[in-house]
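Count along the sequence shown from 1, then add 653; that gives the number in this note's numbering. Structure first, then comments.
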Amino acid sequence: MIVFEFLCKYSPIVYEKGRLAFQLLGTPGWFILFVLAAAAGAYYAYRNVARDKYSVGLVVLRAVTFSVLA
């Protein structure tokens with residue numbers, strides 16, 4: 654419990670009746686721009702990979718990871 658209080662500032666009792674919600678910061682246009690930038694970054698990361706190791710699924714997974722991090 655001490656670690657939770659250190660990381661979240663308050664004791665777990667304070668968060669007991671709360672809800673976890675995610676909200677887009679800014680307009681949806683910025684979100685689309687970030688997703689496109691993440692897709693371009695994933696493509697850039699895989700552009701030099703040999704064709705037998707290249708997979709569209711891996712590019713999509715990396716793009717999703719970049720989007721979540723952004």
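All C-beta atoms, glycine included, are put in the ideal place defined by N, C-alpha and C. Treat the numbers as computed from the prediction; the structure is a model and nothing was measured.
Helix, strand or coil at residue i according to DSSP, with G and I counted as helix
i: Y697; result: helix
i: A674; result: coil
i: S664; result: coil
i: G710; result: helix
i: T718; result: helix
i: E658; result: helix
7 Å Cβ shell around residue i - same chain, five flanking residues per side excluded
i: A698; result: R715
i: A692; result: A716
i: Y696; result: V712
Contact set for residue i: own chain, Cβ-Cβ below 6 Å, skip 5 residues either direction
i: S664; result: E658
i: W683; result: none
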